[in-house]
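Protein sequence lines correspond, in order, to chains C and R.
Numbers 1 to 474, taken from my numbering, label the letters of the first sequence in order.
Numbers 1001 to 1279, taken from my numbering, label the letters of the second sequence in order.
Single-structure report; data block below.
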Amino acid sequence: MEDIMSEKTGKSDQAVRQPMPEQKAEIRRRNFEEVPYGYTEEFAVKEAERCLECKKPSCMNGCPVSVDIPDFIKFIKEKKYTHAIRKIWEKNALPAVCGRVCPQENQCEGQCVLGKKGAPVAIGNLERFIADMERKNGKGDLPPKAKATGKKVAVVGSGPSGLTVAGDLVLKGHEVTMYEAFHKPGGVLVYGIPEFRLPKEIVFSEVNFLERLGVKLECNVVVGRTVELDELFEQGFDAVYLGLGAGLPKFLNIPGENLIGIYSANEYLTRSNLMKAYLFPEYDTPIVKGKNVAVFGAGNVAMDSARTAMRLGADTVHIIYRRSRNEMPARAAEIHHAEEEGIEFSLLTAPVRFVGDDKGRVTGIECIKMELGEPDASGRRSPVPVEGSKFLIECDMAVVSVGSGANPILTGTTKDLGLNKRGYIIADPETGKTTKKGVWAGGDIVTGSATVILAMGAGRMASDSMHKYLTLGW
Amino acid sequence: MFEILRREEMAGGTVVLNEISAPLIAQKAKPGQFVILKANETGERIPLTMADTDPKKGTITIIYQIVGKSTSLFKSLQVGSHFQDVIGPLGKPTHLEKLGTVVCVGGGTGVAVMHPITRGLKEIGNRVIAIIGARNKDLLILEDKMKAASHELHVCTDDGSYGHHGFVTDVLKDILAKEDVKMVAGIGPVPMMKFVSKITAEYKVKTIVSLNAIMVDGTGMCGCCRVSVGGETRFACVDGPEFDGHKVDFEELNQRLQAYKTEEAEATNKYTCQCKAAV
Chain C
1 MEDIMSEKTG
11 KSDQAVRQPM
21 PEQKAEIRRR
31 NFEEVPYGYT
41 EEFAVKEAER
51 CLECKKPSCM
61 NGCPVSVDIP
71 DFIKFIKEKK
81 YTHAIRKIWE
91 KNALPAVCGR
101 VCPQENQCEG
111 QCVLGKKGAP
121 VAIGNLERFI
131 ADMERKNGKG
141 DLPPKAKATG
151 KKVAVVGSGP
161 SGLTVAGDLV
171 LKGHEVTMYE
181 AFHKPGGVLV
191 YGIPEFRLPK
201 EIVFSEVNFL
211 ERLGVKLECN
221 VVVGRTVELD
231 ELFEQGFDAV
241 YLGLGAGLPK
251 FLNIPGENLI
261 GIYSANEYLT
271 RSNLMKAYLF
281 PEYDTPIVKG
291 KNVAVFGAGN
301 VAMDSARTAM
311 RLGADTVHII
321 YRRSRNEMPA
331 RAAEIHHAEE
341 EGIEFSLLTA
351 PVRFVGDDKG
361 RVTGIECIKM
371 ELGEPDASGR
381 RSPVPVEGSK
391 FLIECDMAVV
401 SVGSGANPIL
411 TGTTKDLGLN
421 KRGYIIADPE
431 TGKTTKKGVW
441 AGGDIVTGSA
451 TVILAMGAGR
461 MASDSMHKYL
471 TLGW
Chain R
1001 MFEILRREEM
1011 AGGTVVLNEI
1021 SAPLIAQKAK
1031 PGQFVILKAN
1041 ETGERIPLTM
1051 ADTDPKKGTI
1061 TIIYQIVGKS
1071 TSLFKSLQVG
1081 SHFQDVIGPL
1091 GKPTHLEKLG
1101 TVVCVGGGTG
1111 VAVMHPITRG
1121 LKEIGNRVIA
1131 IIGARNKDLL
1141 ILEDKMKAAS
1151 HELHVCTDDG
1161 SYGHHGFVTD
1171 VLKDILAKED
1181 VKMVAGIGPV
1191 PMMKFVSKIT
1201 AEYKVKTIVS
1211 LNAIMVDGTG
1221 MCGCCRVSVG
1231 GETRFACVDG
1241 PEFDGHKVDF
1251 EELNQRLQAY
1261 KTEEAEATNK
1271 YTCQCKAAV
């Protein structure tokens, strides 16, 4: 583990953040194994000792589900690991996931007092450490469940928000059935986030935990098609949570976009992650292995797509983004990892049209240079094309990763479910209640594409409200 | 797990019928809708339009041609064994309405998909003329069923070994010249659907075709099945599978269906070798 990522280090011991040991970039760029190895116990305790145990911990303000961060870190300091995991579980059912995929730099770690002068406490790395330790060494004890209430809850979607709601409500004594349209549970954690960032074994272990608690899982059920929402109430469910995810890919809407070799990020990642096309022909689902790859967009999903293409054997991978580095929405760690792995960034560059050969395969992308103009509605300086700056980037594969819209398959078949102009479900920001009685919603189908932890936060809020409804009334 | 209750081989073993236990889907499915099937853990998700459903028995029927690794694997499944995953019903059902005289054209295994639509159009009160075709007599499927589902059946073979010697489009042209046809439905290989649409365009007769684009999720999430219809990109899985044949870009569809030709050949070869080695 000598290959250690260098991080900013200060002068005193307190300021030295324990680096995360990880696979060397030149090796990992060609394999699908997880990039960071995780802290050893020694590293974890040392890192925990950096925490100042602030009386008014600002880190907690940065956490969408308000994990008692100083408390769980204190237990790590004291090597009371079971206490530490229990403390996290009080607020967060998926710590092994969040420790890996949360944008900590904008959340807990972004608020850490130590960050003002040096490096903040590595809260994410510690969360991951304690969750992995429990998974590997824990006795698998189940938390206590409340007495059965006799109420039945349907959770539609088994992504981060659905898993949170299912876990919360089963512990409160309700009978929970979770529906998943795909053949495997986990939602975006399984079809979207690659193995090298979030091993699927971790997600399945979390789902298995819920099943052991009594959650009934029904895969291959497309609510809105296989069964309609109103039929769930006819079948005896008392409340329904909709954690559908965004689930409608956005394209660039430029000429040539239907050429072979051009994928939406949803398709590219689903093929690779859920269908395991990276193991073709051992697995039957194929994927185009591009030699020169272009990825449009600069969010986490774009980084995942670019890094996947590199692992599938690309010679060059270009992230093409119409704004500048400062506006890139991806986590800092993902951008850093992508750069280390040889992903090139073509910034202030926008696609104009795709070009292809006579077989209908993509061969290149005509682009135009951009410059930053006035700030737009999002507060970011909007890019403006530079006249006469068109140029061609050769590519034999491209991934469009410019966000998602709202999938209408359920919302289009359900009466009385209020939607906003863009097709997302309208839900009360305090409770997650929709306009339809007995139905709650949260996550990307309400907010549009966001993060795992925000979806979990929405799930937590809704499950509190659902519990009140099931015990007290609407 | 979805058990196979009945299995038949047709067209000299090149086409297989499976009746599968899938009660939830059987209750909901309507003509023109499809399911996605996955044989086992390592399998691919394959979309197939249902050939029949029996809500009382809780079964759906699929009829497929053996074209590559995945369909060969499907073929190896015997009665009593299972598909690991079946998802559906997906896509929009066929819009069935009483119009007068309608023509249903089915080619190859497309006849299997055409059958419930033909039956539905007859039940609703249309005068239904059906035309079915195959390369030769041995490859022809569901002749009796199509006869029962229509008022008038024409059979064509490319080599003349049975029925009319020639393409389904020849017969279609004759009918369009003689009859006041209100609508044509064409389901079969892409070139057939393309030519059916070309001919009906000359006669200005409304035409629907069912597109067999490559898919992954089948719920509009990935955009793999995008097709150009009237110059706009549509998803075959949620906006279709049926579209106005006069607006479909068949060239693009045909090219996109070849996207994984190399990989498919590789997988099929590997599978065939393994099967031979096992024997």
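Backbone N, C-alpha and C fix where the C-beta goes; we use that ideal spot for every residue, glycine too.
I'd like to know whether the C-beta of residue i is nearer than 8 Å to at least one C-beta of chain C.
i	result
residue 1260(R)	yes
residue 1222(R)	yes
residue 1066(R)	no
residue 1190(R)	no
residue 977(R)	Here chain R covers residues 1001 to 1279 and nothing more, so residue 977(R) does not appear.
residue 1234(R)	no
residue 1007(R)	no
residue 1228(R)	yes
residue 1176(R)	no
residue 1267(R)	yes
residue 1256(R)	yes
So residue i and residue j are in contact, right, with Cβ under 8 Å, and what is the actual spacing, rounded?
i	j	result
residue 288(C)	residue 456(C)	Not a contact, Cβ separation roughly 34 Å.
residue 152(C)	residue 71(C)	Contact doesn't hold; Cβ gap of about 35 Å is too wide.
residue 125(C)	residue 159(C)	Between residue 159(C) and residue 125(C) the Cβ distance is about 24 Å, and since that is not below 8 Å, they are no contact.
residue 216(C)	residue 177(C)	4 Å
residue 1088(R)	residue 1141(R)	Between residue 1141(R) and residue 1088(R) the Cβ distance is about 22 Å, and since that is not below 8 Å, they are no contact.
residue 1108(R)	residue 1188(R)	5 Å
residue 388(C)	residue 165(C)	Contact doesn't hold; Cβ gap of about 54 Å is too wide.
Since residue i meets chain A, which of its residues come closer than 7 Å, beta carbon to beta carbon?
i	result
residue 282(C)	In the displayed structure, chain A is absent; the protein chains listed are C and R.
Ignore the nearest five residues each way along the sequence and tell me which others in residue i's own chain have a CB closer than 8 Å to its CB.
i	result
residue 1082(R)	1001, 1002, 1003, 1004
residue 450(C)	443, 444
residue 32(C)	194, 195, 196, 278, 311
With a threshold of 8 Å between beta carbons, is residue i in contact with chain R?
i	result
residue 314(C)	no
residue 475(C)	Because chain C here runs from 1 to 474, residue 475(C) falls outside it and cannot be looked at.
residue 110(C)	no
residue 348(C)	no
residue 115(C)	no
residue 266(C)	yes
residue 332(C)	no
residue 286(C)	yes
residue 455(C)	no
residue 220(C)	yes
residue 242(C)	no
residue 271(C)	yes
residue 5(C)	Only weak support exists for where residue 5(C) lies, its pLDDT of 42 falling under 50; the coordinates are left without a value.
residue 364(C)	no
Short of 7 Å in beta carbon distance, which residues of its chain neighbour residue i, apart from the five on each side in sequence? Order them along the chain.
i	result
residue 69(C)	57, 59, 60, 63, 108, 123
residue 45(C)	76, 77, 79
residue 66(C)	60, 91
residue 53(C)	70, 74
residue 479(C)	Here chain C comprises residues numbered 1 to 474, so residue 479(C) is not present and cannot be evaluated.
residue 335(C)	303, 328
residue 219(C)	180, 182, 183, 184, 185
residue 132(C)	38, 96
Who are the near neighbours of residue i in its chain, counting only those whose CB is closer than 6 Å to its CB and skipping five residues on each side?
i	result
residue 203(C)	186, 189, 190
residue 255(C)	353
residue 1228(R)	1249, 1252
residue 1044(R)	1070
residue 320(C)	294, 296, 346, 349
Would you check if there are 3 or more beta carbon pairs closer than 8 Å linking the stretch 1242-1259 of chain R to the stretch 276-284 of chain C?
Touching, no.
Does the stretch 127-138 of chain C come close enough to the stretch 217-225 of chain C to have 3 or more Cβ pairs within less than 8 Å?
Note that the stretch 127-138 of chain C does not touch the stretch 217-225 of chain C; fewer than 3 beta-carbon pairs, one per stretch, sit closer than 8 Å.
Does the stretch 258-274 of chain C touch the stretch 388-402 of chain C, meaning 3 or more C-beta pairs lie closer than 8 Å?
The stretch 388-402 of chain C vs the stretch 258-274 of chain C: in contact.
Along the chain, which unbroken stretches of the beta strand (DSSP E) at least 3 residues long are found entirely within the stretch 114-169 of chain C?
Whole beta strand (DSSP E) segments, 3+ residues: 152-156.
Can you check the stretch 228-293 of chain C for any beta strand (DSSP E) of at least 3 residues that lies completely inside it and give the ranges in chain order?
The stretch 228-293 of chain C contains these whole beta strand (DSSP E) runs: 239-242, 247-249, 262-264.
Does the stretch 350-358 of chain C touch the stretch 252-263 of chain C, meaning 3 or more C-beta pairs lie closer than 8 Å?
Note that the stretch 252-263 of chain C touches the stretch 350-358 of chain C; at least 3 beta-carbon pairs, one per stretch, sit closer than 8 Å.
Give the list of continuous beta strand (DSSP E) stretches no shorter than 3 residues that lie fully inside the stretch 1013-1067 of chain R.
Entirely contained in the stretch 1013-1067 of chain R, the beta strand (DSSP E) runs reaching 3 residues are, in chain order, 1015-1021, 1034-1038, 1046-1049, 1052-1054, 1059-1065.
Contiguous alpha helix (DSSP H) assignments of at least 4 residues, all confined to the stretch 53-95 of chain C
Correct list: 58-61, 69-77, 81-89.
Closer than 8 Å is the cut-off here; do at least three beta carbon pairs connect the stretch 1262-1269 of chain R with the stretch 1201-1218 of chain R?
Touching, no.
Those runs of the beta strand (DSSP E) which lie wholly inside the stretch 1131-1159 of chain R and span at least 3 residues
Counting whole runs of 3 or more residues, the stretch 1131-1159 of chain R contains the beta strand (DSSP E) stretches 1152-1157.
Using 8 Å as the Cβ pair cut-off and three pairs as the minimum, do the stretch 229-246 of chain C and the stretch 460-474 of chain C touch?
Output reads yes: the stretch 460-474 of chain C touches the stretch 229-246 of chain C.
Under 8 Å: do the stretch 1197-1214 of chain R and the stretch 1067-1086 of chain R share three or more Cβ pairs, one atom per stretch?
In short, these stretches do not touch, since the Cβ pair count stays below three.
Can you find at least 3 beta carbon pairs, one from the stretch 333-344 of chain C and one from the stretch 359-367 of chain C, that sit closer than 8 Å?
No contact exists between the stretch 333-344 of chain C and the stretch 359-367 of chain C.
Counting Cβ pairs, one atom from each stretch, are 3 or more of them under 8 Å apart for the stretch 1170-1190 of chain R and the stretch 1088-1108 of chain R?
At 8 Å Cβ cutoff, the stretches touch.
Do the stretch 419-432 of chain C and the stretch 377-397 of chain C touch if we need at least three Cβ pairs shorter than 8 Å?
Result no; under three Cβ-Cβ pairs closer than 8 Å.
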